[in-house]
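> This is the structure, below, for whatever I ask next.
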Amino acid sequence: GQQVMQIPQYQHVQEGEDFTTYCNSSTTLSNIQWYKQRPGGHPVFLIQLVKSGEVKKQKRLTFQFGEAKKNSSLHITATQTTDVGTYFCAGRDNAGNMLTFGGGTRLMVKP
Amino acid sequence: DTGVSQDPRHKITKRGQNVTFRCDPISEHNRLYWYRQTLGQGPEFLTYFQNEAQLEKSRLLSDRFSAERPKGSFSTLEIQRTEQGDSAMYLCASSPGLEFYEQYFGPGTRLTVT
Chain A
1 GQQVMQIPQY
11 QHVQEGEDFT
21 TYCNSSTTLS
31 NIQWYKQRPG
41 GHPVFLIQLV
51 KSGEVKKQKR
61 LTFQFGEAKK
71 NSSLHITATQ
81 TTDVGTYFCA
91 GRDNAGNMLT
101 FGGGTRLMVK
111 P
Chain B
1001 DTGVSQDPRH
1011 KITKRGQNVT
1021 FRCDPISEHN
1031 RLYWYRQTLG
1041 QGPEFLTYFQ
1051 NEAQLEKSRL
1061 LSDRFSAERP
1071 KGSFSTLEIQ
1081 RTEQGDSAMY
1091 LCASSPGLEF
1101 YEQYFGPGTR
1111 LTVT
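Printed below as a string of structure tokens:
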């Protein structure tokens, strides 16, 4: 079955430093979504990428979808303490209607 | 629009007992999903409904798990003969019905099997 892997599992940064999490799928994806889960909270949708090579920005967040549609990344510029949480990618393959979530990257920001 | 709600928020049960959870999706959302999340892991897909029809079920889902969405609105997830390995957060999500739409998650039901 489809597998989605994320690295790193954990990341500690000093406030103001940049952060990147990487997502890799074992199969080609039709689209990929990113979610953020705050400690004690539930996943909240951030963005969806559909096209090969697509890049989308939300303020300090930049999302990329690989040319082969098998990998993606999320980059945060100048992290803030409000960025703390776990970031999940979730991929949908061409065959199914279900999302397969990665294991997440837990971001901790030291003020 | 009050968002996705789940009940109860917490459930402690003894091994071997049956438990049932309820999910109320955002009104007019056709699709409803159930996930299981354990500490430090991403949500794991269990099953989903399009209106009242259960269209997909994870191969990892034991026969002890069953889900219903009888009128295409709220859904229930039942776990029979609970085991300690069933301890997890059970998340429900809904979406408007097209595959390219985001999923809106509820707060989850945390199950502890003692």
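In the order they appear, the protein sequences are chains A and B. Per the numbering used here, the first sequence runs over residues 1 to 111. Per the numbering used here, the second sequence runs over residues 1001 to 1114. For each residue, glycine too, the CB sits at the ideal point set by N, CA and C.
1. Along the chain, where does the beta strand (DSSP E) that runs through Met174(A) open and close?
2. Taking the C-alpha atoms as reference points, what is the distance between Arg1110(B) and Val1004(B)?
3. Taking the beta carbon of Ala1093(B) as the centre, do at least 16 other beta carbons fall within 10 Å, making it buried, or is it exposed?
4. Quick check on this structure: which residue in Asn24(A), Ile32(A) and Leu74(A) has the alpha carbon closest to the alpha carbon of Asp18(A)?
5. Does DSSP classify Thr82(A) as helix, strand or coil?
6. If the cut is a Cβ gap below 7 Å, which residues of chain B does Met98(A) touch?
7. Quick check: the Cα distance between Arg60(A) and Gly16(A), rounded to an integer number of angstroms?
8. May I ask you to report which of helix, strand or coil DSSP gives Gln1050(B)?
9. Taking CB distances under 8 Å as the criterion, tell me whether Phe63(A) reaches chain B.
10. For the beta strand (DSSP E) containing Ser1075(B), name the first residue and the last one.
11. By DSSP's criteria, His12(A) is part of a beta bridge. Which residues make up the other side?
12. Just the Cα atoms here: how many angstroms apart are Met108(A) and Gln80(A)?
13. Along chain A, in chain order, which residues have C-beta atoms closer than 7 Å to that of Glu1102(B)?
14. What residues in its chain sit with their C-beta under 6 Å from that of Phe1065(B), if we drop five residues either side in the sequence?
15. What residue from Ile76(A), Thr21(A) and Leu49(A) has the CA that sits closest to Asp93(A)'s CA?
16. Give me, in chain order, the residues of the same chain whose beta-carbon lies closer than 8 Å to that of Thr20(A); leave out the 5 immediate sequence neighbours on both sides.
17. Which residues, in order along the segment 3–27 of chain A, keep a beta-carbon less than 7 Å from a beta-carbon of chain B?
18. Strictly under 8 Å for the Cβ-Cβ distance: is Leu1091(B) near chain A by that measure?
19. With DSSP as the reference, label Gln1006(B) as helix, strand or coil.
20. Does the beta-carbon of Leu1055(B) have 16 or more other beta-carbons within 10 angstroms, so that it is buried, or is it exposed?
21. For Pro1107(B), would you say it is in contact with chain A, using Cβ-to-Cβ distances shorter than 8 Å as the test?
Considering the structure as presented:
1. Outside the modelled stretch of chain A, which goes from 1 to 111, sits residue 174(A), for which no answer is possible.
2. 16 Å
3. buried
4. Leu74(A)
5. helix
6. Phe1045, Tyr1048 and Glu1056
7. 11 Å
8. strand
9. no
10. Ser1075 to Ile1079
11. Met108(A)
12. 10 Å
13. Gln33, Phe45 and Gln48
14. Ile1079
15. Leu49(A)
16. Ser73, Leu74, His75 and Ile76
17. none
18. yes
19. strand
20. exposed
21. yes
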